[in-house]
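Trainee: I have a structure here, written as structure tokens, and I will follow up with some questions on it.
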Amino acid sequence: MYDDPVERKFSVPPPREFKFSPYIPRITTDVKRPPIEPLGANIQNEFGVCGWILTILSYLLIFFTLPISACMCIKVVQEYERAVIFRLGRLMPGGAKGPGIFFIVPCIDTYRKVDLRVLSFEVPPQEILSKDSVTVAVDAVVYFRISNATISVTNVEDAARSTKLLAQTTLRNILGTKTLAEMLSDREAISHQMQTTLDEATEPWGVKVERVEVKDVRLPVQLQRAMAAEAEAAREARAKVIVAEGEQKASRALKEAAEVIAESPSALQLRYLQTLNSISAEKNSTIIFPFPIDLLSAFLQRTPPKVDNNFAFPTQKSGGIPSTS
1 MYDDPVERKF SVPPPREFKF SPYIPRITTD VKRPPIEPLG ANIQNEFGVC
51 GWILTILSYL LIFFTLPISA CMCIKVVQEY ERAVIFRLGR LMPGGAKGPG
101 IFFIVPCIDT YRKVDLRVLS FEVPPQEILS KDSVTVAVDA VVYFRISNAT
151 ISVTNVEDAA RSTKLLAQTT LRNILGTKTL AEMLSDREAI SHQMQTTLDE
201 ATEPWGVKVE RVEVKDVRLP VQLQRAMAAE AEAAREARAK VIVAEGEQKA
251 SRALKEAAEV IAESPSALQL RYLQTLNSIS AEKNSTIIFP FPIDLLSAFL
301 QRTPPKVDNN FAFPTQKSGG IPSTS
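FYI, in UniProt numbering the residues of the sequence shown are 1 to 325.
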């Protein structure tokens, strides 16, 4: 192909043919979150030599002190409670116990009861600066329950207190992005957003937030007066509009009635008789009879007599009234 050695040395080979193959990533929607496990769940429950010795001694103590020791070993939890048992500081396998009767070994076992019923607490009033720079005081009520007794004991020191503190910060963070009008009108949406945010944050604690309700939005006194004046002005404006619309409708009705009466003169006479009937029915001591319209119209149609400017008084020659000169 190349005859010249120099050309063979410095020649560039032809480019390769490139085929484009688009890469489409695979998107999977069935991603499962790893289950939340309590602290120490992946540690083998091996107590060592000392642990086994203490366990055997405890069982011997229970055996030799029966039936007195039975009262200390038998525990009862209610339907709405669960018991998380620790042996020598380690979490016992099998999860929380209950409801009903369960057994513990004195001296080496400890347990903690957890209430699974729905609990509630009030979020103290929080001073919040809204998006439109208005300072308001907002409080709320949070309803929650323990969904996993073991996790709520091992993963957090005090689930109720931690949830309460988190609710305060969440309330401030969410309402800080809202305007005053949104706080007053969209309380349901704000409550739902708070419930979703708190539920996601407290899931690793074994807490389920059931409901959040915004109780009250307190405004400054000056702002309340300004809003009251604005509302009063709006009400007065609406009242004036309603009165004007009523007068307009009344004028149209009177115009239509006048057109009907003009087309039928007998309707006016009938209306006159109805007025007299209503006046007489009220049993008044003085009855006023309106002047008949037809007589009034006839009186107005009469023209006054014309005066002759060339009129002359009679004299003596004409046999009139003698003069007094």
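C-beta: ideal position from N, C-alpha, C; glycine also.
This one's a predicted model, so the numbers in the text were calculated from it and none came from an experiment.
I'd like to confirm the pairing. Which residues does DSSP put opposite leucine 57 in its beta bridges?
Mentor: Paired residues: none, contrary to the question.
Trainee: Keeping to the same chain, check which residues put their C-beta closer than 7 Å to that of leucine 165; ignore five residues upstream and five downstream.
Mentor: Contacts found: none.
Trainee: Just to confirm the assignment: which complete alpha helix (DSSP H) runs, minimum length 4, are found wholly within the UniProt domain "Band 7" (72-231)?
Mentor: 149-154, 159-175, 180-185 and 187-202, all fully within the UniProt domain "Band 7" (72-231).
Trainee: Using only the alpha-carbon positions, how far apart do lysine 178 and aspartate 139 sit?
Mentor: Roughly 15 Å between the two C-alpha positions.
Trainee: As a quick exercise: from Val212, Arg187, Val114 and Thr55, pick the residue whose alpha carbon is nearest that of tyrosine 143.
Mentor: Considering only alpha carbons, the answer is Val212.
Trainee: Can you have a look at serine 152 and say buried or exposed, based on whether 16 or more other CB atoms are within 10 angstroms of its CB?
Mentor: Result: buried.
Trainee: Evaluate the contact criterion for the segment 106-116 versus the segment 64-81: three or more CB pairs, one atom per stretch, below 8 Å.
Mentor: Segments in contact, yes.
Trainee: Does the Cβ of tyrosine 111 have 16 or more other Cβ atoms within 10 Å, making it buried, or fewer, making it exposed?
Mentor: By the neighbour-count rule (16 or more Cβ atoms within 10 Å), tyrosine 111 is buried.
Trainee: Would you mind working out which of Ala231, Asp132, Met92 and Val77 sits nearest threonine 154, comparing C-alpha positions?
Mentor: For threonine 154, the nearest C-alpha among the options comes from Met92.
Trainee: For valine 141 versus glutamate 122, is the C-beta distance shorter than 8 Å?
Mentor: Yes; because the gap between Cβ atoms is below 8 Å, this pair is in contact.
Trainee: Would you mind stating whether residue 326 and valine 84 have Cβ atoms separated by less than 8 Å?
Mentor: The question about residue 326 has no answer here: the residues shown for the chain are numbered 1 through 325.
Trainee: Write down the C-beta distance between leucine 54 and leucine 88 rounded to the nearest angstrom, noting that I regard them as a contact closer than 8 Å.
Mentor: That pair is a contact at about 7 Å.
Trainee: What separation, rounded to the nearest whole angstrom, lies between the Cα atoms of serine 21 and glutamate 200?
Mentor: Because serine 21 carries a pLDDT of 46, less than 50, the predicted location of this residue cannot be relied on, and no value is offered for it.
Trainee: Below 8 Å on the Cβ atoms is my guess for alanine 149 versus arginine 90; work out the distance and round it to an integer in Å.
Mentor: Rounded, the Cβ-Cβ distance is 17 Å, inconsistent with contact.
Trainee: Quick check: glutamate 203 and arginine 145, are their CB atoms within less than 8 Å of each other?
Mentor: Contact flag unset, no.
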